[in-house]
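What follows is one structure encoded as structure tokens, with my remarks underneath.
This is the structure in structure tokens:
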């Protein structure tokens with residue numbers, strides 16, 4: 060049913076924690092700043 064279940068079983072929190080560790084947060088932050096500037 061869910062793709063994480065094969066690796067993590069019912070440990071959804073561990074999956075979410077690991078997901079947030081691998082995201083390059085500089086890119087979404089830059090895109091957010093660009094979007095904010097469109098409305099200023």
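Numbering (the working numbering), first residue to last: 60 to 99. Backbone N, C-alpha and C define an ideal beta-carbon position, used for all residues, glycine too. Note that the structure is a prediction, hence the values are computed from the model and not measured.
Would you kindly check if the distance between the Cβ of residue j and the Cβ of residue i is under 8 angstroms?
i, j, result
"residue 64", "residue 73", "no"
In whole angstroms, what separates the C-alpha of residue i from that of residue j?
i, j, result
"residue 85", "residue 77", "17 angstroms"
"residue 81", "residue 87", "13 angstroms"
"residue 79", "residue 90", "17 angstroms"
"residue 83", "residue 92", "15 angstroms"
"residue 69", "residue 96", "41 angstroms"
"residue 62", "residue 71", "11 angstroms"
What are the uninterrupted segments assigned as alpha helix (DSSP H) that are 4 or more residues long and contained completely in the region 67–93, given in chain order?
71–81
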